[in-house]
Every structure is written in structure tokens, then in C-alpha cells.
Amino acid sequence: MRHSRFDTRLGLTATLAVAALLIGPVLLSVTAGVTRNYFVGLSSGLTLDWIVQVWDLYADTIWRSYGVALATLAITTIIGVPAAWVLTLFPGRLSRLLEELLTLPVAVPGLATALALIVSWGSVGWLRSSVAFIVIGHVLFTLPFMVRAVRAGMQGADLVVLDEAAATLGASRRRRFFDIIVPAARSGIVTGALTVVTLSIGEFNLTWLLHTPLTKTLPVGLADSYASMRLEVASAYTLVFLLMLLPLMVGLQWIAARSTRHGGLGLGAST
Amino acid sequence: MTHPLTIRLDNCAKTWPDGTRALAPLNLSIDAGETLALLGPSGCGKTTLLRMICGLESADEGGRIRFGDDDVTQVAPEARGVGVVFQGYALFPNMNVAGNVGYGLKIRGVDAASRRRRVAEMLELVELGALAERRIDQLSGGQRQRVALARAIAIEPRVLLLDEPLTALDARLRQQLRVDLAKLLKTLGITCVIVTHDQEEAMMLGDRVAVMSAGRLEQLGAPETLYRDPASPFVADFLGTLCRLEGGEVATRHGVAALTFRPHEVELAPPGRGLPARVQARFFLGSHIRFELTLADGQRFTALAAPDAIWQPGDTVSALIEQARVA
Amino acid sequence: MGRRRAWLVIAAPAVVLFLAFWLLPMAKLAGIGAATPQGMDASAYWLVVTQPRYWQSLINTVALSLGATLATLVIALPVSRFLARHPDFPGRRVLMSLLLFPLAFPGVVVGFLVILATGRQGVLNTLSKALSGDPMVLAYGMAGLFIGYLYFLLPRTIGVLMTAVEGIDKHWLEAAQTLGASPWRRFVDIELPALTGALTAAGAMCFATAMGAFGTVFTLGTRIDVLPITIYDEFTNYANLPVAAALSVVLGLATWAVLYVANSLAARTARGN
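Chains as they are written, first to last, in the working numbering: chain A, 12 to 282; chain B, 5 to 331; chain C, 421 to 693.
Here's what the structure looks like:
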């Protein structure tokens, strides 16, 4: 089919403009993070000093964020994969309601969820002051993404029939779950896992209200550096964060490109 | 209807951007008011040829397409005045039946009252008068086909192009709509090109049939000519089953190196008069019986006999090949 | 069926977690919103809808979110059509990756990127000073927030719309073309109706995301009067829990309702096709 020339020109212009809008500021940030004096410009020379300084100041937030992300991943996998299987098995109205409910913590602003958690569980002293409080918030926020990704994988594999076939062969429920269902949903689980880790590492809205001075995560540290550090340090910190995201996003896009479904990735960081 | 036009293609070829040849250079002339059927297996270039005539694909440099005296090679599809029925019909889901049929008229700025009249007339013509307000997803396959046809002819096109118009329908409905379509095309008297991979459809609807294979025109002619006088084994085989026997017994009995014939050209008789053969299988098909046979040297062929034929698998018969042709 | 029902138990942990840490806390929050704040004579819900400073903040948020949503759809549509219709465009894979990478950026980072581009030390300011001599700083007000919203909404929308454009039967467009429709008429009569469902769903997602955005505005400056900042202020600076709770509940209900209605509409259009 021939495309109208106007369409093509408009599309190309808009695409390049959007790419510039999205990528330009990232390049600025990366540059600022390795420039000796951003105010003077690149002529002041390149340096890794700022990154070293970030490491000295904020290394603990980086490790904590990885820890929170892994704990979140473990919990969302353990409770999310079985939930996804139940939703696949019962495609009725009740399932849709359940999925709708589980998605609420994503649909409703994180600020509201965080306030609700604080008024209900904030009085439990040990919980309020521990990283577990943050993990709970992250699990609420990321669980729908895990469930959705796993479900997509299960539906593609026509798993209900496979499960019934295994049952006629005499396999117990437990065996079927681990021998048939989990392996068949593998790519969905991997997609879900990468999504969960990506979102958890970047989660700010909930975390900002749930954290204490002793449980700062990376985005909390970022907000702190944006408010109180010089531009170069903030940029260097952002650069470290972007480098942490990069392999996760590359992995997600690689899986998305291999599967037949395409278009957008099923994730959106907390804004 | 406007006066029918001839369609002439001169030296039209099509090469895809990746360099593959979809269509070898081709000259084709379609008479005014004629229905030409483009027949061939999938990937033979027949749909590409059709899309070139309606302008959705451009011919390679040097090709020329004319409608009557009008050179349309550079004319965009929206200005060519062609009526097209797409494979799968491509009815607009956001418009009802009347909306679809009247869309081309709306584009042409026809006022609402005349449009309504013309749409009613078209729907009457395809016997869908009562369904004007139906949504597309409430129509059966056969109804969709007729809406697509009404939409294409509503704009009084200079030529009518149909891409596999009946393929999407089940066998029984296809039979009936074929008859309806043939009648309608005669009534309209419009120059028409119809793409199909179904030989029966091509022979029923086409005044002439163009058999295509691998981007080439194999043969062009009236259905009878093609069937009785195929220019190549491909054409012969594509228009019905063709059997071929050679050597040994064939040479002695018929005095030729090889025989080609169609299954209904074989008469089976008690042993003695023709080629001795053995019945391997017998299929009762209602109007006739189909026999699969072998010669003594193992060559296989097929014969069609009247439904009262008595032969059973294992019987030895003799095959009389009526219009024996030299291969 | 009875045998299947035994599977239900394994969904229990997810349900328990949701009830204990989301639904019940939310109910409690909604209850707190019904309380009367200190020194006031009405419930927080009543205050929220009657006091101008709260509903002004709500109107600001809705107007900004609506504007950002419309702008996003208008910009994302040609981009999605271009990317969907030109699968052989050189460098398309890389371009797609670049356009989708910001999906992972949290709002705080988006806010910082807006500052780098349009803040006091931003390129926009530098360019403006060099060209016209006048400074140009957008980052710390509504304009900066608007740019930030565009930044995180565009990648979310482009993916959704691309899938929808790819789903349009190209024969519809060709049929319209042979019937005489110009490119513009094909776009208006065939393409836009086919995209209505996706545009509605994407628009609702944009609106809900923008309404609840907190990180971006938090970085850009807490002087911008939008609802998430108001909630945060009431909670931390004024320790006015009832009002913070009431505003949260109103905001949560609003975003959820928009998403729910739009998704139902989109599903109905999808079935209609």
C-alpha cells in the first residue's frame, strides 16, 4: 500500500521530535554526571569523581534497593504465579472481579495506598521502622504486573487442556503445578520478574512516605540529591540508576521481540 | 451504467523492493463488457495483477495501463473509478449496510436523498433490500459478499474488479452465489476482472479465462478452448484432472509414445477390447463413480463411470480411451 | 468442576495480602476522611468540596491532566502510525528501544530531566539567552510539570496505539481508496473510528496516571498547586490527617472511575468490531 507523502513526513517529524524530547534530557544528564563543572561546560573536562562521590554517599541506598527488589520479586512470584493460574482456570466474572481488585493498587495513586498503609499498620513499631514496610508497598504495586504477565504466558500455552491431560495420566495437583504449569508459563514468569524488579528499583511515590531515615532506597536518595546536592552529583547518581535499569529494559525488550505479541511493554513506573 | 470500456495492459511487470519478481512483463487486452477470470494457484501473481489494474500497486517502469483511450498508469486508485470487491470483503465495521454501500457516493458529494435512492436500488439489485440498517457484524457471509458487491457497483465504476469474491463462503453457498453473480455480471454488462483459484468458478464466470503460474500468463482463452486445447501440461492439469500413460501397451495399442486424457474420457468395458487394467479402488460419488486403476506395469490412472457401473476392486477391465490425444 | 475448585486455595495468599494491606487499610483511610479535623466544624469530605483552596487544587490537577492527555494523544498518534506502517524503517529497533526506555523512569527522575532541559541551568535557558537575550525557565511551574507529564505519558501511549494501528485491516483503507476517498477522508472515516477504542483506553490511562503523579512534581518544586502535593502537604506539614485522607480517597475514586469507565467503553467498541 502506498502511504501519502504528507502522512510519512508528519510521522517522521513527530517521531524524531518525540525521540529528541525523550532522549535529549537523558543525554544531558549523562553528560552532566561525568563533566567536571557542568556550569562551565564540557571544556572543564571529564571526570568520574562525581560517580565516586555518589558511591561514598549513597552506596547503601543502592544495595537496599536491590534487596527490596529481590524480596519483592520473591513474594510476588510465590503468591502471584498461583494466583495467575487460578485466574486462568476460572475465566468467569468472579475472576475478572478479583483481577480488577488486585489491580487497584496500580490504578489508585501510590500516595493514597501509602497513607492507607501508614494509618493501618504504621502503629506497629517494628514494621514501621523496617524495610519490610517498603517491601509490602512494593508487592502491592508490582503484583498486578506479575499476575498479568504470567497469565498472558499461560493463556498462550493452552494450559488448562495440558493440566487436564496430566490429571488423566494420574499426576497429583502439586506435581502438575510444578511439572506442567510452571515450566509452560516460564517466559511469562521471566517477563513478570524483570518487570517487578524494574518497577521496584524505581518506585518512589509509596516509598517516599513509607521510608525512615534508616531505610532510604535509591529513588529516595535521588530525590534527596536533587534537592540538596550540586547538579553534577545528582546527574552522576541518575547515571548510576540508569545503568541499573539498562540490563532490565534490554532483557524485557528482548523477550518482547521474541514473543508474537508486540507493541508496548506492559509496565509503567510510578510517576 | 456507463458505457463499458476495454482494459489494456502493455508490458506490465512487477518487481518487489527486495528484488523478487511477482509478475513477468505482460500484455493483456480485456474487451469492453467482457468478464475475464484470472485463474492460478496462490502466489502466481493474479492478485498483484488485479491490484495493478485498480492502482493499489504500480507497475514497474515502462508498463502502461489504459481504460479505453484513457491512460491511467499514473492515476491514483481513488481517481481511477474502479469498483473493487476485496477478498474478505473489507466492509467498514463502523458503518451499517447502507453506510457502506453509500460511502463512495458520499465521497463524490452526492446529496443525501439521491444517495438513499441509489443505495436502495443497489440493495434491491443484490436482493438485500430489507437489510439497509443492519450492522456489518449481524450479516452472514453470503450477505456480506453481496453488500461488498453493491458497494463496488454503486459508484458506477468504469471497470469492476473482484478478488476471490466467493472463497470465504462454504461450498454450498458458493455454488448458488456463483450463479447469481454470473447473472448479475451479464445484467450489468460492465468490464470485469475476477481473480480466483477455483477452476469451476473461473469457467462459470469468465467469458475468457487467463491461467497464470509463477508470475506468467500461461494461456488465455475461452473456457472450452482451455479445457479442450490446453497449451501446456500445467493448464491441462489446473483445469481438471489430467492422466498420462506411456510406453509398452500404450504404444502397441494406440501407436503413440504417450497418452494424455481426462478421467471422464475413459470408458471401462469387460476385458478384451482396450488397455487391460485392474481396479484398485472404487468411490461412489452420487452422480458418478470414480475408479482408481493400474496397468500391468504399475502406471496409475483415474476413470469416471456412470453410477450403475458394476466393477469392484480386484476386477480386471479394459479401458477404452475415447478422445485419445498425443501428449 | 468440583475437582478444579480445589485449586482455589493457592490464590489465598494473594487475596489475604490484598485484604490485609490494601482493602482494609483503604477502608480505614476512607473512615478517617469522615472525621472532623481539629478546629473545624464539618467532616473532612465536606471541607474538601467546599473550601476553595482544595477544589482549586482539584481543578488545577484535572485541567493539567486533561491537557497533558490530549497533547499526548495528538503527538503519539502520528508517531504510532509512522512506526506501525514502516516496519522496514532503518534503525527502527533502536528507535523503538529509545522511545520505550523512559517507561522505567520514576517520576522523580522525570522531574530532574525536565530541570536539566528547561531549568535555570537548562539547555532551553542557555539557548534562549544566546538567541534573544531573555531567559526562559519553565521547569518550576505548571509548564514544567506539563512537559514532565508528556515525558512519561508518551512512551506509555505510543506502544498501545502502535498495536491498535497494526490491528487495522489494511483492506479497509484500500477499499475506501478505490471508492475515491482521499488520504484525509480515509483517516477520518475509517482509521479514526477503528482507533476509537484504543484512543479512549490510552486517554484514560494517561489521565489517571497524570492525576496521581507525585514524584515529578515533588522534584520540580512543591509550590505547584496540584492535588498530590496538597495531600502531601496536609499530611506532613499540617498533620491534617482527615483532610489528607479525604483528598486521597477522592483522588483514588476519581482515577479508578475514569479507568473503569474508559476500559468498559473500549471493551465494548472492541466487541462491536
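Note that CB positions come from ideal geometry on N, CA and C, so glycine has one too. Given the structure is predicted, the values throughout are model-derived calculations rather than measurements.
Of all Cβ atoms in chain B, is any one closer than 9 angstroms to the Cβ of C/Val501? Taking the third sequence and counting its residues from 1, one reaches residue 501 of chain C at position 81. One detail in the question is off: residue 501 of chain C reads as Arg in this sequence, not Val. Taking Cβ atoms only, chain B never reaches closer than 9 angstroms to C/Arg501, which makes this a no.
Roughly how many angstroms separate the alpha carbons of A/Ser131 and C/Trp592, rounded to a whole number? Reading the first sequence from its first residue, position 120 is the one you call residue 131 of chain A. Reading the third sequence from its first residue, position 172 is the one you call residue 592 of chain C. Approximately 55 angstroms, taken between the alpha carbons.
Roughly how many whole angstroms lie between the Cα atoms of C/Phe655 and C/Gly531? Counted from its first residue, the third sequence places residue 655 of chain C at position 235. Counted from its first residue, the third sequence places residue 531 of chain C at position 111. If I take the Cα positions, the gap works out to 22 angstroms.
Could you check what DSSP says for B/Leu32 in three-state terms: helix, strand or coil? In the second sequence, counting from the first residue as 1, residue 32 of chain B sits at position 28. Correct three-state label for B/Leu32: strand.
Relative to the C-alpha of B/Glu131, which candidate in B/Ala116, B/Ile140, B/Arg120 and B/Arg148 has its C-alpha closest? Numbered from 1 along the second sequence, position 127 holds the residue referred to as residue 131 of chain B. Ranking B/Ala116, B/Ile140, B/Arg120 and B/Arg148 by Cα distance to B/Glu131 puts B/Arg148 first.
Quick check: the region 180 to 189 of chain A against the region 142 to 157 of chain A, are there 3 or more CB pairs under 8 angstroms? no
At 4 residues or longer, what runs of the alpha helix (DSSP H) sit wholly inside the region 146 to 188 of chain A? 170 to 179 and 184 to 187
Measuring only the C-alpha atoms, how far is A/Trp265 from A/Thr83? The count along the first sequence starts at 1 and reaches residue 265 of chain A at position 254. The count along the first sequence starts at 1 and reaches residue 83 of chain A at position 72. Cα to Cα, the separation comes out at about 23 angstroms.
Suppose you measure from the CA of B/Leu192 to the CA of B/Gly133; what does that come to, to the nearest Å? By one-based count along the second sequence, residue 192 of chain B stands at place 188. By one-based count along the second sequence, residue 133 of chain B stands at place 129. In a straight line, the C-alpha of B/Leu192 is about 18 angstroms away from that of B/Gly133.
Secondary structure of A/Met240, DSSP reduced to three states: One-based indexing of the first sequence puts residue 240 of chain A at position 229. If DSSP states are grouped into helix, strand and coil, A/Met240 belongs with coil.
At the level of alpha carbons, what is the spacing between A/Leu220 and C/Asp653? Here residue 220 of chain A is taken as the residue at index 209 of the first sequence, counted from 1. Here residue 653 of chain C is taken as the residue at index 233 of the third sequence, counted from 1. Per the coordinates, the alpha-carbon of A/Leu220 lies some 12 angstroms from the alpha-carbon of C/Asp653.
Beta-carbon proximity of C/Leu493 to C/Leu619, cut-off 9 angstroms: The residue labelled residue 493 of chain C in the question sits at position 73 within the third sequence. The residue labelled residue 619 of chain C in the question sits at position 199 within the third sequence. Yes, the Cβ-Cβ distance between C/Leu493 and C/Leu619 is below 9 angstroms.
So with Cβ pairs under 9 angstroms, would you call A/Leu108 a contact of chain C? Mapped onto the first sequence, residue 108 of chain A falls at position 97. A/Leu108 does not count as touching chain C.
Relative to chain A, which residues along the region 507 to 532 of chain C have a C-beta separation below 9 angstroms, given in chain order? Phe509, Arg513, Leu515, Met516, Ser517, Leu518, Leu519, Leu520, Phe521, Pro522, Leu523, Ala524, Phe525, Pro526, Gly527, Val528, Val529, Val530, Gly531 and Phe532
Within the same chain, show all residues whose beta-carbon is closer than 8 angstroms to that of B/Glu250, passing over the 5 residues directly before and after it, in chain order. Residue 250 of chain B sits at position 246 when you count from the first residue of the second sequence. Correct list, in chain order: Ala261, Ala262, Leu263, Gln303 and Ala331.
With 16 other Cβ atoms within 10 Å as the buried cut-off, status of C/Arg425: Position 5 of the third sequence holds residue 425 of chain C. Exposed is the call here.
How close, in whole Å, do the beta carbons of B/Ala186 and B/Leu209 come, if the pair is a contact with beta carbons under 8 angstroms? The residue you call residue 186 of chain B lines up with position 182 of the second sequence. The residue you call residue 209 of chain B lines up with position 205 of the second sequence. About 5 angstroms separates the beta carbon of B/Ala186 from that of B/Leu209, a gap short enough to meet the 8 angstroms contact definition.
When you compare the CB of B/Met5 with every CB in chain C, is at least one pair closer than 9 angstroms? Residue 5 of chain B sits at position 1 when you count from the first residue of the second sequence. The pLDDT assigned to B/Met5 is 48, lower than 50, so where the model puts this residue is not dependable; a value taken from the coordinates is nonetheless given after this. B/Met5 does not count as touching chain C.
Pop quiz: B/Thr195 and B/Glu61 are said to be a contact at Cβ under 8 angstroms. What is the actual Cβ separation, rounded to whole angstroms? Translated into positions along the second sequence, residue 195 of chain B becomes position 191. Translated into positions along the second sequence, residue 61 of chain B becomes position 57. About 19 angstroms; that fails the 8 angstroms criterion.
According to the Cβ coordinates, are A/Leu255 and A/Ile90 closer than 9 angstroms? Locating residue 255 of chain A in the first sequence gives position 244, where the first residue counts as 1. Locating residue 90 of chain A in the first sequence gives position 79, where the first residue counts as 1. The question names Leu, but residue 255 of chain A is Met in the sequence shown. Contact: no.
Measuring only the C-alpha atoms, how far is C/Pro643 from B/Phe90? Translated into positions along the third sequence, residue 643 of chain C becomes position 223. Translated into positions along the second sequence, residue 90 of chain B becomes position 86. Reading off the sequence, residue 643 of chain C comes out as Arg, not Pro. When rounded, the distance between both Cα atoms is 60 angstroms.
Using a Cβ-Cβ cutoff of less than 6 angstroms, which residues in the same chain neighbour B/Asn15 once the five nearest sequence positions on both sides are dropped? Within the second sequence, residue 15 of chain B is the residue found at index 11, counting from 1. Counting only residues of its own chain and dropping the five nearest sequence neighbours on each side, B/Asn15 has a CB closer than 6 angstroms to the CB of Pro29, Gly66 and Gly67.
A/Phe101 CB to nearest chain C CB: under 9 angstroms? By one-based count along the first sequence, residue 101 of chain A stands at place 90. At least one chain C Cβ lies under 9 angstroms of A/Phe101.
Could you check whether the Cβ of B/Ile159 sits closer than 9 angstroms to any Cβ belonging to chain C? Reading the second sequence from its first residue, position 155 is the one you call residue 159 of chain B. In terms of beta-carbon proximity, B/Ile159 lines the interface with chain C, with at least one pair separated by less than 9 angstroms.
Relative to the C-alpha of B/Glu296, which residue among B/Pro275, B/Thr320 and B/Asp312 is closest? Here the question's residue 296 of chain B lines up with position 292 in the second sequence. That would be B/Thr320, whose Cα lies nearest to the Cα of B/Glu296.
Express the C-alpha separation of B/Gln203 and B/Leu299 in angstroms, rounding to a whole number. If you number the second sequence from 1, residue 299 of chain B lands on position 295. If you number the second sequence from 1, residue 203 of chain B lands on position 199. Rounded to the nearest angstrom, the two C-alpha atoms are 29 angstroms apart.
Would you list the residues sitting across from B/Gln223 in a DSSP beta bridge? For the purposes of this step, residue 223 of chain B is identified with residue 219 of the second sequence, where counting begins at 1. According to DSSP, which records beta bridges pairwise, B/Gln223 is partnered with B/Val215.
What does B/Ile111 reach in chain C if we use C-beta pairs closer than 9 angstroms? One-based indexing of the second sequence puts residue 111 of chain B at position 107. Think of a sphere of 9 angstroms around the beta carbon of B/Ile111: the chain C residues whose beta carbon falls inside it are Ala596, Leu599, Gly600, Ala601, Ser602, Arg605 and Asp609, in chain order.
Let's test the definition: count the other Cβ atoms within 10 Å of the Cβ of A/His149 and tell me whether it reaches 16, buried, or not, exposed. Here residue 149 of chain A corresponds to residue number 138 of the first sequence, with the count starting at 1. By the 10 Å Cβ count, A/His149 comes out buried.
Buried or exposed, going by whether 16 or more other CB atoms sit within 10 Å of the CB of B/Ser217? For the purposes of this step, residue 217 of chain B is taken as the residue at position 213 of the second sequence. Buried is the call here.
Cutting at 6 angstroms between CB atoms, please list the residues of its own chain near B/Val101, excluding the five before and the five after it. For the purposes of this step, residue 101 of chain B is taken as the residue at position 97 of the second sequence. Within the same chain, B/Val101 has close Cβ partners Leu135, Ala136, Arg138 and Val151.
Based on the DSSP secondary-structure assignment, which residues constitute the bridge partners of A/Val41? By 1-based counting over the first sequence, the position of residue 41 of chain A is 30. Bridge partners of A/Val41: none, in fact.
Going by DSSP, what residues sit across from B/Arg282 in a beta bridge? On the second sequence, residue 282 of chain B is found 278 positions in, with the first residue counted as 1. According to DSSP, which records beta bridges pairwise, B/Arg282 is partnered with B/Thr298 and B/Thr320.
Which residues, in chain order, does the region 53 to 64 of chain B contribute to contact with chain C at a C-beta distance below 7 angstroms? Those residues of the region 53 to 64 of chain B placed with their C-beta closer than 7 angstroms to a C-beta in chain C are Cys58 and Leu60, ordered along the chain.
Report the residue from A/Ala94, A/Ile86, A/Pro93 and A/Leu278 whose alpha carbon sits nearest the alpha carbon of A/Thr202. Residue 202 of chain A sits at position 191 when you count from the first residue of the first sequence. Nearest C-alpha to A/Thr202: A/Leu278.
Please list the partners that B/Gly108 has in chain C, where partner means a Cβ-to-Cβ separation under 7 angstroms. For this step, residue 108 of chain B is matched to residue 104 along the second sequence. What B/Gly108 touches in chain C: Leu599 and Gly600.
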